[in-house]
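J.: Mind looking over this structure? Questions follow.
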Amino acid sequence: MNELIQKPKRKKRIQVNILIRMVLSLIIALAINSLLVQLFKKISNVMEWHWFRNFFPYLLTPLFMVTFIFTFLVLTRRIVRDLITLEQGLQFISEGNLHYRVPVVRQDELGRVAHNINRMTERLEQQIVKEREIEKSKMELITGISHDLRTPLTSIIGYIELLRTDSYQDKDEYTRFVQNTYNKAIHLKKLLDDLFEYTRLTSVDTHLNLRRINLFQLLDQLLFEFEPIAQENGVYIVKDIGDSSIITSVDSDKMARAIDNLLMNALKYSLKPGGICIRLQATPEQITIEVENEGIPLTQDQKEKLFDRFYKVDHSRSSEGIQTGAGLGLSIARNIVELHQGTLTLNHTNNTFIFQLNLPTDRSSSS
865 MNELIQKPKR KKRIQVNILI RMVLSLIIAL AINSLLVQLF KKISNVMEWH
915 WFRNFFPYLL TPLFMVTFIF TFLVLTRRIV RDLITLEQGL QFISEGNLHY
965 RVPVVRQDEL GRVAHNINRM TERLEQQIVK EREIEKSKME LITGISHDLR
1015 TPLTSIIGYI ELLRTDSYQD KDEYTRFVQN TYNKAIHLKK LLDDLFEYTR
1065 LTSVDTHLNL RRINLFQLLD QLLFEFEPIA QENGVYIVKD IGDSSIITSV
1115 DSDKMARAID NLLMNALKYS LKPGGICIRL QATPEQITIE VENEGIPLTQ
1165 DQKEKLFDRF YKVDHSRSSE GIQTGAGLGL SIARNIVELH QGTLTLNHTN
1215 NTFIFQLNLP TDRSSSS
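Residues in the sequence shown are numbered from 865 upward in steps of one, following the numbering used here.
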């Protein structure tokens, strides 16, 4: 395909080609006419056709025109054939065959027309594929939202119905119903917050509120708040973040959200009891934050889809004490990091998971 749509290197004007063929046709027609005149003169002299000699001059002009037109058509048949090829190609493309490419066999205006038709068709094909992907993405978004919001909402309605009809045995059961309703409402709010955050991050109008902060202090504060939650779920924290200040320009709220999502993901899928190791390193090239935990190994397909929105690994791997999210945590984290011109990757070996968050140092300095 690339050979067919390669842009012609030489540029010859088709008008010159047609003019040359016209001149050649004229020369050939004159030469043929001259030969015919000499031939018919000899024939008329030998046969003594005096009437033919008087009538022949009237045939010269029509004969010259026929000879010229025939010769011109023969010399320009390739140009006409290429024009027909262009017309047929446009017909195929107009009927929806966007995989078709017009052969580029000329290096003049017709060749450039064929090249531009192929470029137009290729871009149109890419645009249609992109629109289909967007439409598919919208349907997946609606399906994912509907599925994830329905579960807590159904539970809330169920508990409220029990409370509305006084279907509880004692005060303790009443309190438990109220607490469960509250927990489901908080879960529903978190799902909506995740959805809102993801939508905002993927918007073309997303802007970062960059400020110079101490990334070490931010990470240390997040770990201080995270450690009690980890202990409640049978997980201990191993900190390897040093004690040196790392000053960098980031959107602190968004970066805290990304790191928190990585920590919560590690907590959900860590083997219990187990540990989560957090490392922080700074080099002249980049700042690296690593979150490492041990869990049930992933398949290659699961690993490739892990950062996809609404993708959730089998629920049997999740922690019993932590409510399942909408499958947006890692996707949100990656979007935030990429907005900071960084990368978020997963190194997965057997049952060891290392999420590596890298930020460039061209916007930071260490002290």
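Beta carbons: idealized from backbone N, C-alpha and C, even for Gly.
(1) What is the DSSP secondary structure of Leu1131, counted as helix, strand or coil?
(2) What does the alpha-carbon distance come out to for the pair Leu927 and Val901?
(3) According to the Cβ coordinates, are Leu1052 and Leu1017 closer than 8 angstroms?
(4) Looking only at its chain, what residues have a beta carbon closer than 8 angstroms to the beta carbon of Leu974, apart from the 5 residues adjacent to it on each side?
(5) Helix, strand or coil: which one does DSSP assign to Pro1224?
(6) Would you mind sorting Glu1156 into buried or exposed? The rule is 16 or more other CB atoms within 10 Å of its CB.
(7) Could you spell out the range, first to last residue, of the beta strand (DSSP E) harbouring Asn1078?
(8) Which residue's Cα is closest to the Cα of Ile1024: Thr1007, Lys905, Asn1047?
(9) Apart from the five residues on each side of it in sequence, which residues of its chain come closer than 8 angstroms, Cβ to Cβ, to Val977?
(10) Kindly confirm or deny that the region 1158–1165 and the region 1114–1128 touch, where touching means at least three C-beta pairs closer than 8 angstroms.
(11) Determine the DSSP secondary structure at Arg965, reduced to helix, strand or coil.
(12) Identify, in the order they occur along the chain, each residue of the same chain with its Cβ nearer than 6 angstroms to the Cβ of Ile1153, setting aside the five sequence neighbours on each side.
(13) For Ile1115, write down the residues that DSSP places opposite it in a beta bridge.
(14) Keeping to the same chain, check which residues put their C-beta closer than 8 angstroms to that of Leu894; ignore five residues upstream and five downstream.
(15) Quick one: using the 10 Å Cβ neighbour count with 16 as the cut-off for buried, is Ile1110 buried or exposed?
(16) In three-state terms, what does DSSP make of Thr851?
(17) If you measure between the beta carbons of Leu1087 and Ile1077, is that distance less than 8 angstroms?
(18) Hey, how far is the Cα of Ala1190 from the Cα of Ile1009?
(19) Ignore the nearest five residues each way along the sequence and tell me which others in Gln1205's own chain have a CB closer than 6 angstroms to its CB.
(20) Compare the C-alpha of Gly1113 against each of Leu1203, Met1128, Leu1059 and name the closest.
(21) Would a C-beta distance cut-off of 8 angstroms place Ser889 and Thr935 closer than the cut-off?
(22) In whole angstroms, give me the CA-to-CA distance for Ile992 and Ile957.
(23) Please list the terminal residues of the continuous alpha helix (DSSP H) segment that includes Thr949.
(24) Buried or exposed: where does Gly1185 fall if 16 or more other Cβ atoms within 10 Å of its Cβ makes it buried?
(25) Would you identify the three-state DSSP class for Leu1210, choosing helix, strand or coil?
(26) With 16 other CB atoms within 10 Å as the buried threshold, where does Asn980 fall?
(27) Just mark Ile1151 as buried or exposed, buried being the case when its beta carbon has 16 or more other beta carbons within 10 Å.
(28) Distance check for Arg970 and Asp1115, CA to CA, integer angstroms please.
(29) Bridge partners of Thr1152, per DSSP?
(30) Taking C-beta to C-beta, are Leu1027 and Phe1041 nearer than 8 angstroms?
(31) Residues bridged to Val887 by DSSP?
(32) Determine the DSSP secondary structure at Ile878, reduced to helix, strand or coil.
(33) Quick one: give me the first and last residue of the alpha helix (DSSP H) that Ile1196 is part of.
(34) Need the endpoints of the beta strand (DSSP E) that Lys1103 sits in, please.
T.: By the coordinates alone:
(1) Translated into the one-based positions of the sequence shown, residue 1131 becomes position 267. In the three-state DSSP reduction, Leu1131 falls in the helix class (H, G or I).
(2) For the purposes of this step, residue 927 is taken as the residue at position 63 of the sequence shown. For the purposes of this step, residue 901 is taken as the residue at position 37 of the sequence shown. For Leu927 and Val901, the distance between alpha carbons rounds to 11 angstroms.
(3) Working through the sequence shown from its first residue, we reach residue 1052 at position 188. Working through the sequence shown from its first residue, we reach residue 1017 at position 153. Yes, Cβ-Cβ distance for Leu1052 and Leu1017 is below 8 angstroms.
(4) In the sequence shown, the residue the question calls residue 974 occupies position 110. Correct list, in chain order: Ile878, Ile943, Asp946, Leu947, Leu950.
(5) Position 360 of the sequence shown holds residue 1224. Look at Pro1224 here: in three-state DSSP terms it is strand.
(6) Mapped onto the sequence shown, residue 1156 falls at position 292. Counting Cβ neighbours within 10 Å, Glu1156 comes out buried, since at least 16 surround it.
(7) Here residue 1078 refers to the residue found at position 214 of the sequence shown. Counting along the chain, the beta strand (DSSP E) containing Asn1078 begins and ends at 1075–1078.
(8) Taking the sequence shown and counting its residues from 1, one reaches residue 1024 at position 160. Selection Thr1007, Lys905, Asn1047 evaluated against Ile1024 yields Asn1047 as nearest (Cα-Cα).
(9) Here the question's residue 977 lines up with position 113 in the sequence shown. For Val977, the CB contacts under 8 angstroms within the same chain, skipping 5 residues up- and downstream, are Leu950 in chain order.
(10) Touching, no.
(11) The residue given as residue 965 occupies position 101 in the sequence shown. It is coil, neither helix nor strand.
(12) Translated into positions along the sequence shown, residue 1153 becomes position 289. Excluding five sequence positions before and after Ile1153, the CB atoms of its chain that fall closer than 6 angstroms to its own CB belong to Leu1144, Leu1221, given in chain order.
(13) For this step, residue 1115 is matched to residue 251 along the sequence shown. Checking the sequence, you will find Asp at residue 1115 rather than Ile. In the DSSP output, where bridge partners are listed per residue, Asp1115 has none listed.
(14) By 1-based counting over the sequence shown, the position of residue 894 is 30. Correct list, in chain order: Phe928.
(15) Your numbering for residue 1110 matches position 246 in the sequence shown. Counting Cβ neighbours within 10 Å, Ile1110 comes out buried, since at least 16 surround it.
(16) The requested residue 851 does not occur in the structure, where the chain is confined to residues 865 to 1231.
(17) Here residue 1087 refers to the residue found at position 223 when the sequence shown is read from its first residue. Here residue 1077 refers to the residue found at position 213 when the sequence shown is read from its first residue. The beta carbons of Leu1087 and Ile1077 sit no closer together than 8 angstroms.
(18) As a position in the sequence shown, residue 1190 is number 326, starting the count at 1. As a position in the sequence shown, residue 1009 is number 145, starting the count at 1. Bear in mind that a pLDDT of 49 at Ala1190, under 50, signals an unreliable position, so the model cannot answer this.
(19) Taking the first residue of the sequence shown as 1, we reach residue 1205 at position 341. Non-local beta-carbon contacts of Gln1205 in its own chain, meaning distances under 6 angstroms to residues more than five positions away in sequence, involve Pro1224 in chain order.
(20) The count along the sequence shown starts at 1 and reaches residue 1113 at position 249. In the sequence on display, residue 1113 carries Ser and not Gly. Ser1113 has its Cα closest to that of Leu1203, out of Leu1203, Met1128, Leu1059.
(21) Mapped onto the sequence shown, residue 889 falls at position 25. Mapped onto the sequence shown, residue 935 falls at position 71. The Cβ atoms of Ser889 and Thr935 sit closer than 8 angstroms to each other.
(22) Numbered from 1 along the sequence shown, position 128 holds the residue referred to as residue 992. Numbered from 1 along the sequence shown, position 93 holds the residue referred to as residue 957. Within the model, the alpha-carbon separation for Ile992 versus Ile957 is close to 14 angstroms.
(23) Numbered from its first residue, the sequence shown carries residue 949 at position 85. From DSSP, the alpha helix (DSSP H) with Thr949 extends over 941–958.
(24) Within the sequence shown, numbered from 1, the residue matching residue 1185 stands at position 321. Note that Gly1185 has pLDDT 42, beneath the 50 cutoff, so the model's placement of it is unreliable and no number is given.
(25) By 1-based counting over the sequence shown, the position of residue 1210 is 346. Strand.
(26) Along the sequence shown, one-based indexing puts residue 980 at 116. Counting the other CB atoms within 10 Å of its CB gives Asn980 a total below 16, which places it among the exposed residues.
(27) Your numbering for residue 1151 matches position 287 in the sequence shown. Looking at its Cβ environment, which holds 16 or more other Cβ atoms inside 10 Å, Ile1151 is buried.
(28) Locating residue 1115 in the sequence shown gives position 251, counting from the first residue. Locating residue 970 in the sequence shown gives position 106, counting from the first residue. When rounded, the separation of the alpha-carbon atoms in Asp1115 and Arg970 is 55 angstroms.
(29) Indexing the sequence shown from 1 puts residue 1152 at position 288. Looking at the DSSP assignment, Thr1152 forms a beta bridge with Gln1145, Asn1222.
(30) Reading the sequence shown from its first residue, position 163 is the one you call residue 1027. Reading the sequence shown from its first residue, position 177 is the one you call residue 1041. Contact: yes.
(31) In the sequence shown, residue 887 corresponds to position 23, counting from 1. As far as DSSP is concerned, Val887 takes part in no beta bridge.
(32) Counting from 1 along the sequence shown, the entry for residue 878 is found at position 14. It is helical.
(33) Along the sequence shown, read from residue 1 onward, the residue named residue 1196 stands at position 332. 1193–1203 is the span of the alpha helix (DSSP H), which, as asked, contains Ile1196.
(34) Numbered from 1 along the sequence shown, position 239 holds the residue referred to as residue 1103. Element bounds for Lys1103: 1099–1104.
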